[in-house]
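Undergrad: Structure incoming, see below.
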Amino acid sequence: MAAAGGLPAVLAATAAPPAKTELQDKVTQYGITWTFERPCPVGRFATGDWFVIGPARVAAVSPAPTAERHGSVVNPPAGDKQGYDRRMSGFDASLRASFPLLLQPGQSLVSVDSVEKLGEKTPDTVEGHYCRGPLRTAAVLTCLAAPPPADAFRPGFCGVWKEMFAISQLKLDRLPELAPPVKPPASEKYARFLERVWLDHQREWVNREMHPLENMPDYGREITHIVSDTALLLLLEGAARERSTLLHRCVQKGIDYYAIVQSNDHLWIANGGHNSGRKWPILFAGLLLNHPGMMNVKATFQEDQQTYYARQFHGRPVADKVAVWRITVGNPNKNHEEVAPDTWAAYGKGDNNGTKAEGYRKLNGPTWVGQALAARLTGMCEHWNHPPFFDYVDRWWRETQSAKPFVKAMWEKYRALADEIGGAARQKRETPGK
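Here this note's numbering is used: the first residue of the sequence shown is 15, the next is one more, and so on.
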């Protein structure tokens, strides 16, 4: 249920009682502290983030903002600009909140803690982070008019779309409960990756500077590996019981990403290996929440821009269309798979040639296998709505058999059965009353 004016929607149905609240003069998460002018009712969403019943006046935030660092932004818009830290691209000081700040119901306050020196890791830096950006961490304080259900997810932090959902709304019978072909990786590792907010609402490749050290990897390859591994872990038998924390955090990521595309639907433009992995979390959240908007999300996604059908492959015409890959839509070395490999060095402009594009093709391929298989196994290919992506991943597998070990084992066991399993799942959920 959407809410007018950016106010949080009232949940249509949930069995949970209201979340517990207590009067506090400040709350802290991940080293970021919000101090109120007077004690306010506060509580936590099911995934751990704080809410405050408002209107509430935030007197201060710590670490204290400076003119260039430790920024806070209310309902941050998606796009080219950001108000967190001047050392990041697109800095716009006008976006920054000043304190004291009167926070109204329907507003999300995103606060960051900046590092002193670029390039240095903190003890809690997530695995696979290259430390290109200046943010240590980020956290969200959400203002509500009344306590949400105890099992409520946090509304999206970006923009003004603040629809709320609850764990009790999840249609867990849509998970296929597959037997693992090998011992799966520990879900705790992936739950940690998804624990904190993924700050990912800036356009194009510069978004990697926005990704906080302790919240998420900065590069799309690592992000997409996490998404693919998580996608398949949650389709295994017992996932709703044994991996509930991971499941709930994955749904929260989908809600957040959907809020981002409601603010701006042209962010994750194809560019090398930067912007994959944003589509599946939205589709997965939509599947379990039975949310038509999420299940049929319309936005720019790298996987869709980078795959298409061609009538020529490696310099030769093909009798039927073939799914191919391109580095981006506008580069001079786009469509390199259509020309002969022995011309790649001269195909394009300078270093932006076909050889470079091929390197990025090989970088992306292994990361896509898990999310493509997950979409097939849940009957979500038509909702993904870009057949070249799935045909390309099949081609990638035929040619390379390249993926991370758990994903590879899942593909080898379930790809041949995936369309049958997914078709049955789709038929079941489309049956009236399901």
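Cβ coordinates follow ideal geometry from the N, Cα and C atoms, glycine included.
Ala33: beta carbon under 8 Å from a heavy atom of the ligand MN?
TA: Here there are no bound small molecules, and the ligand MN is not part of this structure.
Undergrad: Do Thr314 and His400 have their C-beta atoms closer together than 9 Å?
TA: Taking the sequence shown and counting its residues from 1, one reaches residue 314 at position 300. Taking the sequence shown and counting its residues from 1, one reaches residue 400 at position 386. Not in contact: Thr314 and His400 (Cβ atoms no closer than 9 Å).
Undergrad: Please go through the same chain and pick out, in chain order, the residues whose beta-carbon is closer than 7 Å to the beta-carbon of Ala92, but skip the five residues on each side of it.
TA: Along the sequence shown, read from residue 1 onward, the residue named residue 92 stands at position 78. Answer for Ala92: Cys172, Gly173, His215, Ile274, Ser277, Asn278 and Leu281, listed in chain order.
Undergrad: Between the Cα of Glu444 and the Cα atoms of Arg412, Ser86, Phe403 and His397, which residue gives the shortest distance?
TA: Taking the first residue of the sequence shown as 1, we reach residue 444 at position 430. The option with the nearest alpha carbon to Glu444 is His397.
Undergrad: For His288, which option in Ser258, Asn221 and Asp94 has the closest C-alpha, if you only look at C-alpha atoms?
TA: For the purposes of this step, residue 288 is taken as the residue at position 274 of the sequence shown. The shortest C-alpha separation from His288 is found at Asn221.
Undergrad: Anyone know if the C-beta pair for Asp63 and Pro53 falls short of 9 Å?
TA: Within the sequence shown, the letter at position 49 stands for residue 63. Within the sequence shown, the letter at position 39 stands for residue 53. Not closer than 9 Å, so no.
Undergrad: Let's see if you can read the secondary structure: which residues bound the alpha helix (DSSP H) around Tyr57?
TA: For the purposes of this step, residue 57 is identified with residue 43 of the sequence shown, where counting begins at 1. At residue 57 the sequence reads Gly, which differs from the Tyr that was named. Taken as a continuous stretch (DSSP letters only), Gly57 belongs to no alpha helix (DSSP H), being part of the beta strand (DSSP E) at Ile46 to Arg58.
Undergrad: Take the Cβ of Pro331 as the centre, count every other Cβ of all protein chains shown within 10 Å, and call the residue buried at 16 or more, exposed below.
TA: On the sequence shown, position 317 is the one that residue 331 refers to. With fewer than 16 Cβ atoms within 10 Å of its Cβ, Pro331 is classed as exposed.
Undergrad: Please tell me whether Met230 and Leu213 are closer than 9 Å, where the distance is taken between their beta carbons.
TA: Counting from 1 along the sequence shown, the entry for residue 230 is found at position 216. Counting from 1 along the sequence shown, the entry for residue 213 is found at position 199. Yes, Cβ-Cβ distance for Met230 and Leu213 is below 9 Å.
Undergrad: Between the C-alpha atoms of Gly57 and Pro306, what's the straight-line distance to the nearest angstrom?
TA: Position 43 of the sequence shown holds residue 57. Position 292 of the sequence shown holds residue 306. Roughly 30 Å between the two C-alpha positions.
Undergrad: What are the uninterrupted segments assigned as alpha helix (DSSP H) that are 4 or more residues long and contained completely in the stretch 207-259, given in chain order?
TA: With a minimum length of 4 residues, the continuous alpha helix (DSSP H) runs that stay inside the stretch 207-259 are 234-247 and 253-256.
Undergrad: Taking C-alpha atoms, which residue in Tyr406, Arg210, Tyr361 and Arg206 lies nearest to Val336?
TA: As a first step, residue 336 is located in the sequence shown; it is residue number 322 there, counting from the start. Considering only alpha carbons, the answer is Tyr406.
Undergrad: So for Glu396, helix, strand or coil by DSSP?
TA: Position 382 of the sequence shown, counting from 1, holds the residue named residue 396. Glu396 falls in the helix class under three-state DSSP.
Undergrad: If you check the beta carbons only, do Glu223 and Asp232 fall under 9 Å apart?
TA: Looking up residue 223 in the sequence shown gives position 209. Looking up residue 232 in the sequence shown gives position 218. The answer is yes: Cβ separation under 9 Å.
Undergrad: Which of the three DSSP states is assigned to Asp127 in this structure?
TA: On the sequence shown, position 113 is the one that residue 127 refers to. Reduced to three states, the DSSP call for Asp127 is strand.
Undergrad: Return the Cβ separation of Ser116 and Pro55 in integer angstroms, given the expectation that the two are a contact with Cβ distance under 8 Å.
TA: Within the sequence shown, numbered from 1, the residue matching residue 116 stands at position 102. Within the sequence shown, numbered from 1, the residue matching residue 55 stands at position 41. Here residue 116 turns out to be Leu, not Ser, going by the sequence shown. Not a contact, Cβ separation roughly 16 Å.
Undergrad: Find the nearest neighbour of Arg100 within the set Ala111, Gly437 and Gly85, judged by alpha-carbon distance.
TA: Counting from one through the sequence shown, the residue named residue 100 turns up at place 86. It is Gly85 whose Cα lies nearest to the Cα of Arg100.
Undergrad: Restricting to runs no shorter than 4 residues, where is the alpha helix (DSSP H) found entirely within the stretch 320-385?
TA: Listed in chain order, there is nothing to give.
Undergrad: Looking at the structure shown, is Arg71 part of a helix, part of a strand, or coil, going by DSSP?
TA: Along the sequence shown, one-based indexing puts residue 71 at 57. In this structure, Arg71 counts as strand in the three-state DSSP scheme.
Undergrad: Please classify Met15: is it buried, with 16 or more other beta-carbons within 10 angstroms of its beta-carbon, or exposed?
TA: To locate residue 15, count along the sequence shown from 1; it is residue 1. With a pLDDT of 33 at Met15, under the threshold of 50, the modelled position of that residue is not reliable, and the figure given next carries that caveat. With fewer than 16 other Cβ atoms within 10 Å, it is exposed.
Undergrad: Around the Cβ of Ala78, are there at least 16 other Cβ atoms within 10 angstroms (buried) or fewer (exposed)?
TA: Along the sequence shown, one-based indexing puts residue 78 at 64. Per the 10 Å Cβ criterion, exposed.
Undergrad: Have a look at Asp138 and Ala439 and give me their C-alpha separation to the nearest angstrom.
TA: Here residue 138 refers to the residue found at position 124 of the sequence shown. Here residue 439 refers to the residue found at position 425 of the sequence shown. Straight-line Cα distance between these residues: approximately 39 Å.
Undergrad: Should Leu391 and Gly436 be called a contact, given that it needs their Cβ atoms to be closer than 9 Å?
TA: Working through the sequence shown from its first residue, we reach residue 391 at position 377. Working through the sequence shown from its first residue, we reach residue 436 at position 422. Cβ distance < 9 Å, so Leu391 and Gly436 count as in contact.
Undergrad: Across which residues does DSSP place Pro32 in a beta bridge pair?
TA: Counted from its first residue, the sequence shown places residue 32 at position 18. The partner list for Pro32 (beta bridge, DSSP) reads Pro163.
Undergrad: Nearest-angstrom Cα distance between Pro32 and Leu192?
TA: Along the sequence shown, one-based indexing puts residue 32 at 18. Along the sequence shown, one-based indexing puts residue 192 at 178. C-alpha separation (whole angstroms): 34 Å.
Undergrad: With Ala314 as the anchor, note down where its beta strand (DSSP E) starts and where it stops.
TA: Taking the sequence shown and counting its residues from 1, the one referred to as residue 314 is at position 300. Rather than Ala, the amino acid found at residue 314 in this sequence is Thr. Looking at the DSSP string, Thr314 is not in any beta strand (DSSP E), and its letter there is neither H nor E.
Undergrad: I need the DSSP call for Ala388, collapsed to helix, strand or coil.
TA: The residue you call residue 388 lines up with position 374 of the sequence shown. Correct three-state label for Ala388: helix.
Undergrad: Ignore the nearest five residues each way along the sequence and tell me which others in Glu352's own chain have a CB closer than 6 Å to its CB.
TA: Here residue 352 is taken as the residue at index 338 of the sequence shown, counted from 1. The residues are Ala324 and Gln326.
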